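Asks: Under the numbering used here, the sequence shown has 29 at position 28, and the numbering climbs by one with no breaks. The following block contains the structure, expressed as structure tokens.
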Amino acid sequence: MNPKATLTFDDADQIPVWARPYVATAAEAGLIKGNGDGKFNPIASSTRAEAVTVILAMLNEK
Numbered sequence: 002m003n004p005k006a007t008l009t010f011d012d013a014d015q016i017p018v019w020a021r022p023y024v025a026t027a028a029e030a031g032l033i034k035g036n037g038d039g040k041f042n043p044i045a046s047s048t049r050a051e052a053v054t055v056i057l058a059m060l061n062e063k
């Protein structure tokens, strides 16, 4: 985790404070990209496809 990582999602203020450094670190690492319109949508449920995408990104991380 990078405590200095910054969030660039338009709805970053909706991400719980405790989760922000983790989400920012995952975004910087390219593990998560948001939903295409600049938002992370932290209140929504993730789909199976989104979960698989994150898992595969982590497995392929070097």
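Note that the Cβ used here is the ideal one computed from N, Cα and C, for glycine as well. All values reported here derive from a predicted model rather than from experimental measurement.
Please return the same chain residues whose Cβ sits closer than 8 Å to the Cβ of A25, not counting the five positions on each side in sequence.
Replies: Looking up residue 25 in the sequence shown gives position 24. The beta carbon of A25 is closer than 8 Å to those of N3, A6, T7 and L8 in its chain, skipping five residues each way along the sequence.
Asks: Within 10 Å of its beta-carbon, does A27 have 16 or more other beta-carbons around it, so buried, or fewer, so exposed?
Replies: Counted from its first residue, the sequence shown places residue 27 at position 26. So A27 ends up on the buried side.
Asks: Would you decide whether I44 is buried or exposed? Buried here means 16 or more other CB atoms lie within 10 Å of its CB.
Replies: Position 43 of the sequence shown, counted from the start, is the residue given in the question as residue 44. Counting the other CB atoms within 10 Å of its CB gives I44 a total below 16, which places it among the exposed residues.
Asks: Suppose only complete runs of 4+ residues qualify. What are the alpha helix (DSSP H) ranges in the region 15 to 45, listed by chain order?
Replies: 21 to 29
Asks: Using a Cβ-Cβ cutoff of less than 8 Å, which residues in the same chain neighbour V53 once the five nearest sequence positions on both sides are dropped?
Replies: By 1-based counting over the sequence shown, the position of residue 53 is 52. Taken in chain order, the list of residues that qualify is empty.
Asks: For I16, which residues from the same chain have a beta carbon less than 8 Å from its beta carbon, with the 5 sequence-adjacent residues on both sides left out?
Replies: Your numbering for residue 16 matches position 15 in the sequence shown. Excluding residues within five positions, the ones whose Cβ falls inside 8 Å are L8, F10, V24, F41 and P43.
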